[in-house]
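Note sheet for the following structure.
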Ligand SMILES: [Zn+2]
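Residue numbers (the working numbering): 1 to 178.
Here it is as structure tokens:
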């Protein structure tokens, strides 16, 4: 039998979880967020379930848990969490884009909606890079998966002045081509 049209459409267009479908979806092992590319700026905002970062989802209650959260903040605050590449021109490798980390914040957010009596928590990561493009952003690479071994995939909206599209990173695919 033929697949229904809607399931074909789904398989074609929904790369990963739709970001604008109502409330934010929290799936353990999956991060989500957005990367906004401007003329000389790249703004990144990511949500990562705390379970995939520190192994628990509530406010830290012991010294050990507090230490884990502090360590995670340092680890996720690194500038090298993302690297950017631009088209190197004909017959050349894509080259590194010079990127300076202007701002970085990593916070543990506790979910207090509590409708299902389950506690959840997420790390909210925000980064702002100043970039010097010679041409256009071509590839984005992340080292998030080698830092967070319990993270399996990450769905990101990449928004440029000309387009908006979703990309899925995973621990097997740490670089995407735009
Ligand atoms: Zn959770």
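Don't be surprised by glycine CBs; every beta carbon is placed ideally from N, CA and C.
Under the three-pair Cβ rule at 8 Å, the region 94-113 does not count as touching the region 153-170. In the structure shown, residue 147 adopts helical secondary structure according to DSSP, grouped into three states. When the Cα atoms are used, residue 63 and residue 84 turn out to be separated by approximately 37 Å. Rounded to the nearest angstrom, the gap between the Cα atoms of residue 124 and residue 139 is 23 Å.
In this structure residue 120 is not in contact with residue 29, their Cβ atoms being roughly 13 Å apart against a cut-off of 8 Å.
Around the beta carbon of residue 80, a 10 Å sphere encloses fewer than 16 other beta carbons of the protein chains shown; the residue is thus reported as exposed. A distance below 6 Å between beta-carbons, with the five flanking residues on each side excluded, links residue 42 to the following residues of its chain, in chain order: 129, 131. The beta carbon of residue 101 lies closer than 7 Å to those of 79, 127, 129 in the same chain, with the five residues before and after it left out.
Counted as a single uninterrupted DSSP element, the alpha helix (DSSP H) harbouring residue 67 occupies residues 63-76. The beta carbon of residue 160 sits closer than 6 Å to the beta carbons of 37 from its chain, once the five residues preceding and following it are set aside; these are given in chain order. Here DSSP, grouped into helix, strand and coil, assigns residue 51 to helix. Taken from the Cβ of residue 26, at least one heavy atom of ligand 1 lies inside 6 Å.
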